[in-house]
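Enquirer: Dropping the structure in here first, questions after.
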């Protein structure tokens, strides 16, 4: 999950750069199309194409619809928000995943975890500012929609992993997303400029490795434990904002980040103690 967060931070940076020149649905299409060749090469290497047709098609289509909605709304939000602001709002997703893991997956979540996640959400509110201007903006609402889609997609990945392989999940997600996003953006497609080739390369590499890591994380790890590692994205967002756009976080952002990180450290330590108790 830590690897996935780092890769997706680079992917989001590429999407933010592209969203200044292309429509949000086209950015979603470019993200899917750019990573497909890498994924196909990876699957050929692993000999994984033999089983990609024996899958649960309704679930794959459902995840593709969620993926298109998530990336499109996120790309739209990035047009007006910094990475740090977008990630701060997106941090609502782990709480949604934890709640869904209880209702859908029947996972056991202790009171300590609920308290820690609530504290993390308090940190998110601090980053958003007490008056809530970032939360109520159009870009903020778009990021909230992306977070909701992400949470449902993460839970559906865990359910789908019971029957389908990781490679099949990745292949059909990207393929169906590419088909859907191209269809949606076809009428308003803007020719891709040659000088953006390096951004597309970064988008392809980070998107591929990020998708591989996050699919493996949610298909093999307990969702309520894996999800809080999303909080590390804030550090990446702040660093990238400063390096590329010379935007430094203010006091509210730093205070909120400290609260979020503290809650994440507690969750990690609590799980470590729990595992040691079960397997001394």
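Numbering (my numbering), first residue to last: 109 to 388.
Ideal Cβ placement from N, Cα and C applies to all residues, glycine included.
Remember, it's a predicted structure, so these values are computed and weren't measured experimentally.
(1) Can you list the alpha helix (DSSP H) stretches of 4 or more residues lying completely in the region 169–211, in chain order?
(2) With a CB to CB cut of under 6 Å and the five nearest residues on each side skipped, what residues in its chain are close to residue 183?
(3) Looking at residue 139 and the ligand NAD, is the gap between the Cβ and the nearest heavy atom below 7 Å?
(4) What number of angstroms, rounded off, separates the C-alpha of residue 371 from the C-alpha of residue 361?
(5) Along the chain, where does the alpha helix (DSSP H) that runs through residue 220 open and close?
(6) Residue 349 by DSSP, collapsed to three states: which one?
(7) Tell me which residue opens and which closes the alpha helix (DSSP H) that residue 124 is part of.
(8) For residue 161, report the span of its alpha helix (DSSP H) as first-last.
(9) Roughly how many angstroms lie between the CA atoms of residue 143 and residue 185, to the nearest whole one?
(10) Please tell me whether residue 359 and residue 281 are closer than 8 Å, where the distance is taken between their beta carbons.
(11) Report the rounded CA-to-CA distance for residue 160 versus residue 171, giving the unit in angstroms.
(12) Does residue 144 come out as helix, strand or coil in the three-state DSSP assignment?
(13) Determine the DSSP secondary structure at residue 301, reduced to helix, strand or coil.
(14) Apply the 10 Å Cβ neighbour rule to residue 246 and answer buried if 16 or more other Cβ atoms are within range, or exposed otherwise.
(15) Would you mind giving the Cβ-Cβ distance between residue 173 and residue 340, rounded to the nearest angstrom? I have them listed as a contact below 8 Å.
(16) What's the call for residue 299, buried or exposed, on a 16-neighbour Cβ count within 10 Å?
(17) I need the straight-line Cα distance from residue 347 to residue 162, nearest angstrom please.
(18) Using 10 angstroms around the beta-carbon of residue 223, count the other beta-carbons present and answer buried if the total reaches 16, otherwise exposed.
(19) Any idea if residue 242 is buried or exposed, counting beta-carbon neighbours within 10 angstroms, 16 or more meaning buried?
(20) CB residue 267 to CB residue 363, shorter than 8 Å?
(21) Which same chain residues end up closer than 6 Å to residue 200 when comparing Cβ atoms and leaving out the 5 residues on each side of it in sequence?
(22) Tell me the DSSP secondary structure of residue 134 in three-state form.
Expert: Looking at the coordinates:
(1) Those alpha helix (DSSP H) runs which fall completely within the region 169–211 and span 4+ residues are 191–198, 200–211.
(2) Counting from 1 along the chain shown, the entry for residue 183 is found at position 75. Excluding sequence neighbours, residue 183 sits near 123, 127, 132, 135.
(3) With respect to the ligand NAD, the structure offers nothing, as it holds no ligand at all.
(4) Along the chain shown, read from residue 1 onward, the residue named residue 371 stands at position 263. Along the chain shown, read from residue 1 onward, the residue named residue 361 stands at position 253. Rounded to whole angstroms, residue 371 to residue 361 spans 15 Å at the Cα level.
(5) Position 112 of the chain shown holds residue 220. Element bounds for residue 220: 219–235.
(6) As a working note, residue 349 is residue 241 in the chain shown. Three-state result, residue 349: helix.
(7) Walking along the chain shown from the start, residue 124 turns up at place 16. Note, residue 124: alpha helix (DSSP H), 110–127.
(8) Here residue 161 corresponds to residue number 53 of the chain shown, with the count starting at 1. Here residue 161 belongs to no alpha helix (DSSP H), and DSSP marks it neither H nor E.
(9) Stepping through the chain shown from its first residue, residue 143 is reached at position 35. Stepping through the chain shown from its first residue, residue 185 is reached at position 77. When rounded, the distance between both Cα atoms is 22 Å.
(10) In the chain shown, the residue the question calls residue 359 occupies position 251. In the chain shown, the residue the question calls residue 281 occupies position 173. For residue 359 and residue 281, no; Cβs fall outside 8 Å.
(11) Along the chain shown, one-based indexing puts residue 160 at 52. Along the chain shown, one-based indexing puts residue 171 at 63. Taking the straight line from one Cα to the other gives about 16 Å.
(12) As a first step, residue 144 must be located in the chain shown, where it is residue number 36. Under the three-state reduction of DSSP output, residue 144 falls in the helix class.
(13) Against the chain shown, residue 301 aligns to sequence position 193. In the structure shown, residue 301 sits in coil (DSSP, three-state: anything other than H, G, I, E or B).
(14) Indexing the chain shown from 1 puts residue 246 at position 138. Per the 10 Å Cβ criterion, exposed.
(15) Residue numbering aside, residue 173 sits at position 65 when the chain shown is read from its first letter. Residue numbering aside, residue 340 sits at position 232 when the chain shown is read from its first letter. Wrong, their Cβ atoms sit about 28 Å apart, outside the cutoff.
(16) The residue labelled residue 299 in the question sits at position 191 within the chain shown. By the neighbour-count rule (16 or more Cβ atoms within 10 Å), residue 299 is not buried but exposed.
(17) Indexing the chain shown from 1 puts residue 347 at position 239. Indexing the chain shown from 1 puts residue 162 at position 54. Spanning the two alpha carbons is a distance of roughly 43 Å.
(18) Taking the first residue of the chain shown as 1, we reach residue 223 at position 115. Residue 223 comes out exposed.
(19) By 1-based counting over the chain shown, the position of residue 242 is 134. Here residue 242 scores only 49 on pLDDT, less than 50, and its place in the model should not be relied on; the value that follows carries that caveat. Buried.
(20) Taking the chain shown and counting its residues from 1, one reaches residue 267 at position 159. Taking the chain shown and counting its residues from 1, one reaches residue 363 at position 255. Not a contact, by the Cβ cut-off of 8 Å.
(21) To locate residue 200, count along the chain shown from 1; it is residue 92. Result list for residue 200: 255, in chain order.
(22) The residue given as residue 134 occupies position 26 in the chain shown. In the structure shown, residue 134 sits in a helix (DSSP, three-state: H, G or I).
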